[in-house]
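Engineer:
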Amino acid sequence: MIFLLLLLLASSVIAFPSSTLSKRTPCQGNTNATREKWCDHDITTNYYETTPEGALKEYWLRLEDMILEPDGRPRHVQVFNGSLPGPTIEANWGDTVRVHLTNACTNRTGTSIHFHGIQQKNTFQSDGVVSLTQCPVAPGDTITYEWKATQYGTSWYHSHYSLQAWDGAFGPILIHGPASENYDIDLGHVFINDSFNAAPPQENGLINGNNTYQFPNGTVVGKRAEIVFEPGKTHLLRLVNSAIEAQFNFTIEGHEMTVIAADFVPIEPYTTRSLSITMGQRYDILVKADQPVANYWIRAIPQSCVAFTDQSKDNIRAILKYSSDNATEPGPLGPLPSPACLDEAISNLKPIVKVSVDPPNFDNEPIHQVGFNASQINGIGRWNLGETYMITNWSYPSIQHAYEGNYSFVNESTEAAFLLPRADKWVYYFVRGLITSHPIHLHGHDFAILDSGVEYDENTVRTNVLNNLDNPPRRDVATLPAGTPSQNGYLVIGFKTDNPGIWLMHCHIGYHTFESFGVQFIERPDEIESLGLIDPETMNPTCDNWKAFNLTQGADSGF
């Protein structure tokens, strides 16, 4: 079945928290008027085949548990280096990034770091997925990850241990490189996420870790995040949706946005006044400060597929300022955009680096139906992406099976594990949804979006796929639509087996991951061994320390 050091010496970089957006410095030769250039490369360089030589960038992160007040109310969080979001991991295209993670939590929990969207070419052991590429890092233990920045753009890192990421264990990744349109100032990340002190419905959200909250008696606590523009300049903002279950529509009152990248894929620029962004997705946008000098609302509006309390639905806001001294409240809010939980239109997401996809053999491609087993297993219901739900083992990860040459766990029907033995072949995944929309995220790869929709018709889907093989949109998170009352939505994706390793594909709704919504691909296992991609000197001590800690896994899916 087909399925879809030569390092330049560099100073070590210690990551400290920062509460402000600051200007970023580009590569020599990449100027305000020549953003398409990057040293000896440019925006048309095929980054799948060519990577510049770079330097070593090194970071030290500590996961700590503490009390913070992101919206003015105290809550328990688990954060990196004491900040929410965590410190920026920043590098240039071609650099090698080394990250030392110490679990300094005192509340008896494991941890890991997943570098979201980083393809980890020949470094899958640094993907940071517990039960797949490592055992959890026990309290007091330290692990080191290392990977090469073969892509450029915007992403984020987060814990891939249980629901820890949504207790605050996340931060930005910024890889400098060329851009498809010129700009003056890079202001860095803009994180958008839901924020909850209890079970859903969600009662608030945050922008860059801040917001206000109004109590029933009218008391308002907290503060809005602020972003300062220079009049007449064009600013790069790097949007990241780090929510546990909320898709947002992002707007800046009175301003147009030019979108230049979707996830780690540079695209032909297009202009919009609102931008739909689901969990795990990123967009690089350019905004020109061409309006009268004033303050303007930045809004992240939850879409219809997620439950928010009424008072919080349009309270997730930040303030855009043309002057840091201006303390006046922004003007009235504009109308709400469409509430539909859909991605940006496929027709808008045209990659600069063109890739064509081989046509699938439809007769050999099964349709993977999303399902939900409400009859609780280990105390909770389970989602499945295909024939069965996925349960993994913190203490005996897939990488250890692979190191032992034991692939008996690879069974798509009973273990949600797929073997992909052949190199450089296109893999296709046809999936139909259930109940609500789901953000599907693939590790280790971009995937091509060959078709998606709200009503599945086999003949129409086949036609659409065949018409969309020439440079389709590529990214690492795409929405599986909810569908209609009579039909489930669908998503068709494809990716190339060009990266030996063990890779997770899952729904990026945190609760659904906890409830087993995922599959794993064991890609080119012979090369995992022949290329020496598993380092037992890293794997074994981490697992030994974890087993000595011996925390019971309980109902968690394990990944």
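In terms of mature numbering (1 follows the signal peptide of the UniProt record, and there is no 0), the sequence shown is residues -15 to -1, 1 to 544.
Cβ atoms here follow ideal geometry from the backbone N, Cα and C, with glycine treated the same way.
(1) Pro345: which of Gln149, Asp152 and Lys481 sits nearest, CA to CA?
(2) Checking 8 Å against the spacing of the C-beta atoms, do Gln149 and Gln276 come in under that value?
(3) Between the beta-carbon of Ser383 and the beta-carbon of Gln538, is there less than 8 Å?
(4) Going by DSSP, what residue range makes up the alpha helix (DSSP H) through Leu451?
(5) Does DSSP put Gln149 in a helix, a strand or coil?
(6) Using 8 Å as the Cβ pair cut-off and three pairs as the minimum, do the segment 169 to 178 and the segment 34 to 43 touch?
(7) Quick one, which of Ala154, Ala89 and Thr16 has its alpha-carbon nearest Tyr168's?
(8) Please tell me whether Gly125 and Asn88 are closer than 8 Å, where the distance is taken between their beta carbons.
(9) Looking only at its chain, what residues have a beta carbon closer than 7 Å to the beta carbon of Trp132, apart from the 5 residues adjacent to it on each side?
(10) Within 10 Å of its beta-carbon, does Arg321 have 16 or more other beta-carbons around it, so buried, or fewer, so exposed?
(11) With respect to the beta strand (DSSP E) encompassing His491, which residues constitute its N-terminal and C-terminal limits?
(12) Give me the Cβ distance between Thr219 and Leu271, rounded to the nearest whole Å; I'm assuming they're in contact under 8 Å.
(13) Is the distance from the Cβ of Thr139 to the Cβ of Arg284 below 8 Å?
(14) Answer with yes or no whether the minimum CB distance from His493 to chain B is below 8 Å.
(15) Under a three-way DSSP split, which group does Gln110 fall into?
(16) Is the CB-CB distance between Trp45 and His161 below 8 Å?
(17) Does the beta-carbon distance from Trp368 to Cys492 come in below 8 Å?
(18) Work out the CA separation of Gln119 and Met524 for me, nearest whole Å.
(19) Taking the continuous beta strand (DSSP E) assigned at Ile170, which residues delimit it?
(20) With 16 other CB atoms within 10 Å as the buried threshold, where does Pro251 fall?
(21) Within the segment 335 to 398, note down every full beta strand (DSSP E) run reaching 3 residues or more, in order along the chain.
(22) Comparing alpha-carbon positions, which option in Thr94, Ala387 and Tyr475 lies nearest Gly517?
(23) Rounded to a whole number of angstroms, what is the C-alpha to C-alpha distance between Tyr496 and Asn193?
(24) For Glu49, does the three-state DSSP call read helix, strand or coil?
(25) Among the residues of its own chain, which have a CB less than 6 Å from the CB of Lys339, if the five just before and after it don't count?
(26) Is it buried or exposed for Ala401, if we count other Cβ within 10 angstroms and need 16 for buried?
(27) Please say whether Thr498 and Phe544 have beta carbons closer to each other than 8 Å?
(28) May I ask which residues mark the beginning and end of the beta strand (DSSP E) holding Thr35?
(29) Short of 6 Å in beta carbon distance, which residues of its chain neighbour Val439, apart from the five on each side in sequence? Order them along the chain.
(30) Out of Thr127, Leu53, Tyr198 and Tyr381, which one is the CA nearest neighbour of Lys532?
(31) Using a Cβ-Cβ cut-off of 8 Å (strictly less than) and excluding sequence neighbours within five positions of Ile494, which residues of its own chain qualify?
(32) With a Cβ-Cβ cutoff of 8 Å, do Val115 and Ser97 count as a contact?
(33) Can you give me the Cβ contacts of Ser7 inside the same chain, cut-off strictly under 7 Å, excluding the 5 residues immediately before and after it?
(34) Does the separation of the CB atoms of Cys290 and Gln232 fall below 8 Å?
(35) Would you call Asn363 buried or exposed, if buried means 16 or more other Cβ atoms sit within 10 Å of its Cβ?
(36) When you compare each of Asn195, Ile128, Pro458 and Asn280 to Thr313 by their alpha carbons, which one comes out closest?
Structural biologist: Considering the structure as presented:
(1) Closest by alpha carbon: Lys481.
(2) No; because the gap between Cβ atoms is not below 8 Å, this pair is not in contact.
(3) The answer is no: Cβ separation not under 8 Å.
(4) In the DSSP annotation of this structure, the continuous segment of the alpha helix (DSSP H) that includes Leu451 starts and ends at Glu443 to Leu451.
(5) In the three-state DSSP reduction, Gln149 falls in the helix class (H, G or I).
(6) Fewer than three pairs of CB atoms, one per stretch, sit closer than 8 Å, so the segment 169 to 178 makes no contact with the segment 34 to 43.
(7) For Tyr168, the nearest C-alpha among the options comes from Thr16.
(8) Remark: C-beta atoms of Gly125 and Asn88 approach each other more closely than 8 Å.
(9) If we look at Trp132 and ignore the five residues flanking it on each side, its Cβ neighbours are Val82, Phe100, Ile103, Gln105, Thr108 and Ser111.
(10) Residue identity differs from the one stated: residue 321 is Leu in this sequence, not Arg. It counts as exposed.
(11) Element bounds for His491: Gly486 to Cys492.
(12) That belief holds up - the Cβ atoms of Thr219 and Leu271 are roughly 5 Å apart, short of 8 Å.
(13) Arg284 is positioned such that its CB atom lies no closer than 8 Å to that of Thr139.
(14) Among the protein chains of the structure shown there is no chain B, as only one such chain exists.
(15) The three-state secondary structure of Gln110, taken from DSSP, is helix.
(16) Against a cut-off of 8 Å, the Cβ pair of His161 and Trp45 comes out as no contact.
(17) Against a cut-off of 8 Å, the Cβ pair of Cys492 and Trp368 comes out as a contact.
(18) One C-alpha to the other measures close to 6 Å.
(19) Start and end: Ile170 to Asp179.
(20) Pro251 comes out buried.
(21) Segments of the beta strand (DSSP E) lying fully in the segment 335 to 398: 352 to 362 and 365 to 370.
(22) Ranked by Cα distance from Gly517, the first of Thr94, Ala387 and Tyr475 is Ala387.
(23) Taking the straight line joining both Cα atoms gives about 22 Å.
(24) Glu49 falls in the strand class under three-state DSSP.
(25) Sequence-distant partners of Lys339 (beyond 5 residues in either direction) whose C-beta falls short of 6 Å from its own C-beta, in its chain, are Asn456.
(26) Label assigned to Ala401: buried.
(27) Taking 8 Å as the Cβ cut-off, Phe544 and Thr498 qualify as a contacting pair.
(28) That residue, Thr35, is in no beta strand (DSSP E); it is neither H nor E in DSSP.
(29) Excluding residues within five positions, the ones whose Cβ falls inside 6 Å are Pro466, Gly468, Thr469 and Gly474.
(30) Sorting Thr127, Leu53, Tyr198 and Tyr381 by C-alpha distance to the C-alpha of Lys532 places Tyr381 at the top.
(31) Annotation for Ile494: Ile229, Glu230, Met264, His423, Pro424 and Phe502 place their beta carbon closer than 8 Å to its own, counting only its chain and skipping 5 residues before and after.
(32) Closer than 8 Å, so yes.
(33) Because the pLDDT of Ser7 is 47, which lies under 50, any placement of that residue in the model is unreliable, and the question is left without a value.
(34) Yes, the pair counts as a contact, with Cβ atoms nearer than the cut-off.
(35) Counting of Cβ neighbours within 10 angstroms places Asn363 among the exposed residues, the total staying below 16.
(36) Measuring C-alpha to C-alpha distances from Thr313 to each of Asn195, Ile128, Pro458 and Asn280 identifies Asn280 as the nearest.
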